[in-house]
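Its first residue numbered 1, the sequence shown is counted upward by one per residue in the working numbering.
Glycine included, each C-beta is placed from N, C-alpha and C at the ideal position.
A short worksheet on the structure shown next.
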Amino acid sequence: LFLRVQELDIEGRIYPLNHKGLKCEEAEAGYSESLHTYTFRTLWMALNQANYARFIQLPEAGRRPELERLLRGHILAAFKGMGVWLEPEQRILAQVQLRQKETRFKDQRMIAFEGQFTTNAVLPRWIGIGKAVSRGFGTVERVGD
Numbered sequence: 001l002f003l004r005v006q007e008l009d010i011e012g013r014i015y016p017l018n019h020k021g022l023k024c025e026e027a028e029a030g031y032s033e034s035l036h037t038y039t040f041r042t043l044w045m046a047l048n049q050a051n052y053a054r055f056i057q058l059p060e061a062g063r064r065p066e067l068e069r070l071l072r073g074h075i076l077a078a079f080k081g082m083g084v085w086l087e088p089e090q091r092i093l094a095q096v097q098l099r100q101k102e103t104r105f106k107d108q109r110m111i112a113f114e115g116q117f118t119t120n121a122v123l124p125r126w127i128g129i130g131k132a133v134s135r136g137f138g139t140v141e142r143v144g145d
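Below, the structure written as structure tokens:
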């Protein structure tokens, strides 16, 4: 599909694609004994339909632990997609510092989050985690890189 797209139509304006590039790199990913802080460069869509209903019912004090649980799951899902497997004694930790935002996705209002998180996972630069990563959501970058 990437090679076949010749132009972009954005709100009726046509933009020709004269140049395309695809770059393949090896990147480090996996469990770490150290903590690393990452920032979301694009909004993180943490919630699907099922956990959205549960999330909005939570008291404010329960929302952060729920987001940390979801983030750990998203990191593990990214690892699985990269073929990274942890040993049974290796547990992913995550602490979030997030702000709730509203966005639109497929003509629906959605809750998303901006901010940072600290984890003992090593993630490749610009990897997307969470929901709708193929649409650019959930892109992360390590702080200090």
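Pick helix, strand or coil for residue i, following the three-state DSSP scheme.
| i | result |
| --- | --- |
| residue 65 | helix |
| residue 99 | strand |
| residue 80 | helix |
| residue 135 | helix |
| residue 167 | Limits of the chain in this structure are 1 at one end and 145 at the other, which puts residue 167 out of reach. |
| residue 73 | helix |
Note the first and the last residue of the continuous alpha helix (DSSP H) segment covering residue i.
| i | result |
| --- | --- |
| residue 51 | 49-57 |
How should residue i be labelled, buried or exposed, when 16 other C-beta atoms within 10 angstroms of its C-beta is the threshold for buried?
| i | result |
| --- | --- |
| residue 138 | buried |
| residue 35 | exposed |
| residue 143 | exposed |
| residue 19 | exposed |
| residue 38 | buried |
| residue 106 | exposed |
| residue 128 | buried |
Under a CB-based cut-off of 7 Å, is residue i close to chain C?
| i | result |
| --- | --- |
| residue 11 | The displayed structure is made up of one protein chain only, and chain C is not part of it. |
Residue i bridges to which residues according to DSSP?
| i | result |
| --- | --- |
| residue 119 | 36, 94 |
| residue 125 | Residue 125 is not bridged to any residue. |
| residue 30 | 122 |
Can you tell me where the beta strand (DSSP E) holding residue i begins and where it ends?
| i | result |
| --- | --- |
| residue 9 | 7-10 |
| residue 141 | 140-142 |
| residue 16 | 13-16 |
Worksheet item: Would you call the region 72-83 and the region 48-59 in contact, with 3 or more CB pairs under 8 Å?
Response: no
Fill in: At least 3 beta-carbon pairs within less than 8 Å: the region 91-100 vs the region 114-123
yes
Worksheet item: Touching or not, the region 95-109 and the region 58-69, by the rule of three or more beta carbon pairs under 8 Å?
Response: yes
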